[in-house]
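Residue numbers (my numbering), protein chains in the order written: chain L, 909 to 1395; chain H, 221 to 699.
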């Protein structure tokens, strides 16, 4: 915790802008997956802000934004609307951004993280509203070029209360947010593709001469990775502290400062305060009609909401008796978690065995093949069956792994693989007794040792019987027959 | 043939009787438009019009062509036309060629109508006299020393002077009805949400509506039938079943209750206008309408509400003209300087005045006192209309307090100029449909009579207006 070393407490609030996982943009039919597309190929009159163009709201984006809000325990207001946020910048083709001002789609939510003291901590969410993304500027030797592919991509801006007390808590907050939004199917949160950006408000609070000091915060704009966030918070909080002690402007200033972050130089830098940006002159967007989310629609979205990761993990530990570790691995991927649960049902229980197969063989093969769970030929029903036939002694654990390899390639059911590859165990005592007799006849020395009080040689003898039977004997039966024969 | 047919019906009959062709009508309209001396046209798009006319002739020959097929029309230059320059009367859009057509243009294209060209207007539709065009003022065909009204002055003149059978304008506070009145033609402002605004250069989004000019009510109704209907590109359009606006045109006014709002007969109205309107009221009563005295007490506040909401919305709508992507660009020393120079040189004084007003009204600390309060009064004005329409079928008022005034007379006195719209802008504030029909003359200049109906009650509006039109008789086509 930063606070253990630093002589001040940190107070952090985060505004997170996340692209919603829609196929089209917020107010037009252009494709929303802008990353990597050739410049200005995903554009139309609407997202170019041409004269006469009008926005048409993307219903799916509104549903996803509401789903996100429900997953974050937000309240859904009876009335919500879009507003125009006015400012001039070349990446903003209309000269205003369609956003939400005083009636956002989601208010007053929270999410839970592990606090720095190890106890669960709720981070309150002030609001989560919908808006459109801007274009992007590209500077080259000749000047600045604008690419409008990103213009109009739906963004959800999630604003937290200043409940975060360290950079590590900030990271846990964002990781939790990311997990929830991905799980809810709302966003892909691909940071490497610009799918989420953060503005972080940082302030320091400390005692000085018996008085509490809490100078105005810095807003660090447009961070695009967890690492940048961690470094920028550390840098900026130390800078505020130093500025205070150097008797800087921070002692008299009443308003926050806005800074950018340079990852190359590892420091923040003041952003030019544009006069016109101080007043966005918000007013209701007259081109769009206000929304009144129908309670039935809200309930439909709520019912469709999957169990959230934190709850699912707890349930896996509680109901399935899994370790925290296994629960975390399974819940890291919504598809994997449901694969696991389906397999448990198919196995008729045995969650620990199923978890071993899923986190072991399945994940190993998936990783090697770089594939998705949904594309695997091995199904939850197969895993369930595999667990069952290991349990009832039809095949050994070793043979089951061999069977899995074949199932992975061919997609055949376990019983078919066991049959075609002859993997079934022999538990027939007559066959086993014959093999035991032969091994006993050939190993006088070892048997003498055993009888002399060294039971550890039994393992070697079992191995010889198994080898003689081509590895297919049931080791438990072999052991008991052998013991009885030489005991 | 040396004159265009006066009405859509005449044109359709001539075309179907093979007494003329779309191509002949188009050539005639082009010739008349080119010969125009009122500065009504900014562009005559010959090639485009002739190609449309040839296609219309094929459809007419094949039979089953819609009523507007082959009929020449004029388009206010604030309505976007694919491949054809659209300036909104502004230097800042000089040379701008849209990549797509407005929905209204596409609908008229689909109906087979032939667009002759683009008409002059007040810059971005901001004005009541068509003097604020970057391309020179429009003159009234009844008296070339006078204004035609505005902002759709060019479209009103094109119809009044027989250069097109109908035209389209836009009406934000009276910009169709007032020039219709001053030029002696019919002008319709439909219910907000009836007609798509997609592709129409936005002025004040919650007030703007496209509508027709014509020489008679029936032609206006035919055009409205082609324009009306939900558009997936305009989220403010309403999905309603298609209805005939012509069926009731001959039903008359007998038994209808017509409200006469006392606040619309104000001091300062020209006596000639009041005389003509009172005569019209008496005639309607003789035809069997019941005249009902009604009160709309908040009418007085209409102008104030309008001059807050309209410039506020305009200040955002016109922010996109920054010289970055299209239109005029005047390079400066840096980005902010380029913005300043481009907008400084690109916009005329009236546009700047409204952008400053609107920006002020939305500013932090002033929003509640201006914009927010204006919206509350807007609700009040709507409610008063609703209450009136619980008692009457339509309202009857003068369209404008004055007849056409001299060019230059009010241009330096914005407040007096704004008063021109005092009777028309409450209709936009309330989102209602309104129509202006010719109502005789005062000192030889046309007077307009306005009917207002409840939301989506255009059928009633056309019925009443057609009944009055039969009483008044046709207006002469202006020189």
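For glycine and all other residues, C-beta sits at the position ideal for the given N, C-alpha and C.
According to the Cβ coordinates, are residue i and residue j closer than 8 Å?
| i | j | result |
| --- | --- | --- |
| residue 411 of chain H | residue 375 of chain H | no |
| residue 648 of chain H | residue 451 of chain H | no |
| residue 250 of chain H | residue 267 of chain H | no |
| residue 1131 of chain L | residue 1105 of chain L | yes |
| residue 1373 of chain L | residue 1347 of chain L | yes |
| residue 225 of chain H | residue 442 of chain H | no |
| residue 1333 of chain L | residue 1291 of chain L | no |
| residue 613 of chain H | residue 477 of chain H | yes |
| residue 537 of chain H | residue 423 of chain H | yes |
| residue 601 of chain H | residue 646 of chain H | yes |
| residue 566 of chain H | residue 327 of chain H | no |
| residue 454 of chain H | residue 958 of chain L | no |
| residue 1196 of chain L | residue 965 of chain L | yes |
Is residue i helix, strand or coil by DSSP?
| i | result |
| --- | --- |
| residue 1122 of chain L | coil |
| residue 959 of chain L | coil |
| residue 653 of chain H | coil |
| residue 615 of chain H | strand |
| residue 942 of chain L | coil |
| residue 1184 of chain L | No answer about residue 1184 of chain L holds up, because its pLDDT of 40 lies below 50 and its placement is not dependable. |
| residue 1192 of chain L | strand |
| residue 1328 of chain L | helix |
| residue 1251 of chain L | helix |
| residue 375 of chain H | helix |
| residue 1179 of chain L | coil |
| residue 1020 of chain L | strand |
| residue 1074 of chain L | coil |
| residue 1030 of chain L | strand |
| residue 239 of chain H | coil |
| residue 911 of chain L | Residue confidence is low: residue 911 of chain L scores 42 on pLDDT, short of 50, so the model does not pin down where it sits. No coordinate-derived value is stated. |
| residue 258 of chain H | coil |
| residue 247 of chain H | helix |
Using a threshold of 7 Å, is the CB atom of residue i nearer than that to any non-hydrogen atom of the ligand MN?
| i | result |
| --- | --- |
| residue 1258 of chain L | Of ligands this structure carries none, so the ligand MN is not represented either. |
Just grab the DSSP bridge partners of residue i for me.
| i | result |
| --- | --- |
| residue 1291 of chain L | None; residue 1291 of chain L has no bridge partner. |
| residue 1005 of chain L | L:993 |
| residue 1044 of chain L | L:1055 |
| residue 1107 of chain L | L:923 |
| residue 1439 of chain L | Here chain L covers residues 909 to 1395 and nothing more, so residue 1439 of chain L does not appear. |
| residue 334 of chain H | H:292 |
| residue 666 of chain H | H:661 |
| residue 409 of chain H | H:654 |
Near residue i, what residues of its chain come up, given a Cβ to Cβ distance below 7 Å and the 5 sequence neighbours on each side ignored?
| i | result |
| --- | --- |
| residue 625 of chain H | 366 and 367 |
| residue 561 of chain H | 550 and 552 |
Ignore the nearest five residues each way along the sequence and tell me which others in residue i's own chain have a CB closer than 6 Å to its CB.
| i | result |
| --- | --- |
| residue 914 of chain L | none |
| residue 431 of chain H | 391, 396, 408, 409 and 410 |
| residue 484 of chain H | 617 and 643 |
| residue 636 of chain H | 630 |
| residue 521 of chain H | 597 |
| residue 969 of chain L | 928, 930, 934 and 1062 |
| residue 679 of chain H | 465 and 468 |
| residue 1053 of chain L | 1046 |
| residue 542 of chain H | 559 |
| residue 349 of chain H | 367 and 370 |
Skipping 5 residues on each side, what residues in its chain have a beta carbon closer than 8 Å to that of residue i?
| i | result |
| --- | --- |
| residue 1183 of chain L | Low per-residue confidence applies at residue 1183 of chain L: pLDDT is 41, beneath 50, and the placement is therefore not dependable enough to give any value. |
| residue 1069 of chain L | 921, 1031, 1032, 1033 and 1034 |
| residue 1212 of chain L | 975 |
| residue 1387 of chain L | 1366 and 1370 |
Contact the stretch 365-373 of chain H vs the stretch 341-357 of chain H: 3+ CB pairs below 8 Å: yes
Count the C-beta pairs between the stretch 984-992 of chain L and the stretch 1194-1209 of chain L that are closer than 8 Å, then say yes if the count reaches three, no if not. yes
So, do the stretch 1156-1166 of chain L and the stretch 399-419 of chain H have three or more beta carbon pairs nearer to each other than 8 Å? no
Is it the case that the stretch 270-278 of chain H contacts the stretch 237-250 of chain H, given that we only count it when at least three CB pairs across the two stretches are under 8 Å? yes
Evaluate the contact criterion for the stretch 1083-1094 of chain L versus the stretch 569-583 of chain H: three or more CB pairs, one atom per stretch, below 8 Å. no
Report yes or no: do the stretch 1087-1100 of chain L and the stretch 1033-1053 of chain L share at least 3 C-beta pairs separated by less than 8 Å? no
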